[in-house]
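What follows is a set of notes on a single structure, which appears directly below.
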Amino acid sequence: MKIVRLFKAAALAGVVLAGSGCSVNHLIGSEINKFSQDHVVPAAMQLDDISLICHSNESFVPLLLGYNAFNVNSDLMLSVSYAGAAMCTEHEAVEKELWSSLAQNQGWVKIATDARIAQQLLNRDAGNRQLKSYTYMANYFRTKYGYEIGDDKCPKFSKDFEEHVMLVGATSALQALQNDIASGRLIDVDMGIPAKVGRAMKCLDNEKWWGEPKAIRAALTTILPENAAAEAKAWEDLQASTDVGLQGGVRLTHAIYASMAAAKDRQDLLRDALKRFEAIPADALNPKYRLLDQMASMQVREIADRYWMRYEGRRAPTIGFSQFWDERKLNINVNQFNDIIDSVK
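Read in order, the letters of the sequence shown are residues -18 to -1, 1 to 327 in mature numbering (1 follows the signal peptide of the UniProt record, and there is no 0).
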């Protein structure tokens, strides 16, 4: 009798699912999305292994896409996953860039050219992933709220994760543009996106999100300032944003500041950004967002490597990359000093 009742219950559940237009696959896909948002993402944020996150996201994207056929809206997680999958591809592009510069310095023209081509192809691949991150983010808000990125009226967020993904997608869009330019415009990113992203950042609480919304707006101003006063104010805002980020134990804004200083070839500000970043002790960082700090660390390290390669012909040292070659002091103890004096008597 128990077996009969079990079959009847299963049959009834099937009828209910069929009548409601749902399917087992739809329910599973929806639960995977919910579980990922509620549990997987917070757990991932505490990790410090970027390579693990990159490859996990590469594997997760096809799974999420598979549930699209069952009317599961995976836009939020797809935005996060494509952004995560792009990190290591972009890092590989930077490595090729460094090799190209090193080979050029040595006069190895063909090797330098080959590395440069490989870099551009990797820039293209990273940029495509980042553009997809932005596209899925924008599609989510368009579908759920009728909100187009950059509209004057902001959406009424129903959960923090929506705000988080808006920030992720916006950042990815700007990174996609940078990679597009570095690739020689192999992606052809819409040049109207940055202005839309800048307006969308007004929808996010600056203090809550570590100063990044205002930092993004300031970064865009430094790229295309209306006048000298506006640019000067933007640099001040970028510096202030690093202080806001530090209050939350997250250094993402330091990476934005350093990136813009490097892009504008403002060496004074670049050195300031690198010194600010490296001066922060580990105990000042928020362990809940360890992954975000690792992302910032990787980006700042890449910027420092480019800078050192440009002037010293090699990447930055493992530690002390903000103690620059023209700032180093002679460190000799008293006995060594006396030995030197005695040797010249």
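Backbone N, C-alpha and C define an ideal beta-carbon position, used for all residues, glycine too. Quick caveat, the model's predicted, so the values are computed rather than measured.
What residue from Ala245, Gly302, Met291 has the CA that sits closest to Gln262's CA? Correcting the residue type first, residue 262 is Ile in the shown sequence and not Gln. Minimum Cα distance to Ile262 is reached at Gly302.
Residue span of the alpha helix (DSSP H) that contains Ser284, given as start and end: First, the amino acid is wrong: residue 284 is Glu here, not Ser. Element bounds for Glu284: 272 to 294.
Beta-carbon separation (whole angstroms), Leu220 vs Ala245, contact threshold 8 Å: Leu220 to Ala245, Cβ: 12 Å. No contact.
Measure how close the beta-carbons of Glu194 and Leu234 come, nearest whole angstrom, since I'm counting them as under 8 Å. 5 Å
Span of the alpha helix (DSSP H) around Trp192: Here Trp192 belongs to no alpha helix (DSSP H), and DSSP marks it neither H nor E.
Would you decide whether Trp307 is buried or exposed? Buried here means 16 or more other CB atoms lie within 10 Å of its CB. exposed
Rank Val62, Ala97, Arg258 by C-alpha distance to the C-alpha of Leu274 and give the top, closest one. Val62
Please determine, among Ala158, Lys92, Gly231, Thr153, the residue with the shortest C-alpha to C-alpha distance to Arg111. Ala158
Of all the options Ala264, Ile131, Glu208, Asn15, which has the alpha carbon lying nearest to the alpha carbon of Leu60? Asn15
Please look up how many angstroms separate the CB atoms of Glu72 and Asn188, rounded, as I've assumed it's under 8 Å. About 26 Å separates the two Cβ atoms, so there is no contact after all.
Output the distance between the C-alpha atoms of Leu(-2) and Glu213, rounded to the nearest integer angstrom. Residue placement at Leu(-2) cannot be trusted, given a pLDDT of 46 that sits under 50; the coordinates are not used to answer.
Would Asp287 and Leu34 be called neighbours here (beta carbons separated by less than 7 Å)? no
Any idea if Asp57 is buried or exposed, counting beta-carbon neighbours within 10 angstroms, 16 or more meaning buried? buried
Can you find at least 3 beta carbon pairs, one from the stretch 126 to 135 and one from the stretch 169 to 186, that sit closer than 8 Å? yes
Apart from the five residues just before and just after Lys138, which ones in its own chain have a Cβ nearer than 8 Å to its Cβ? Tyr127
Using 10 angstroms around the beta-carbon of Ile323, count the other beta-carbons present and answer buried if the total reaches 16, otherwise exposed. Confidence at Ile323 is low in this model, with a pLDDT of 47, below 50, so its placement is unreliable and the value that follows should be read with caution. Answer is exposed; the Cβ neighbour count stays below 16.
Which residues mark the beginning and the end of the alpha helix (DSSP H) in which Gly48 is found? 32 to 48
Return helix, strand or coil for Trp307, following the three-state DSSP convention. coil
As assigned by DSSP and simplified to three states, the class of Phe17: helix
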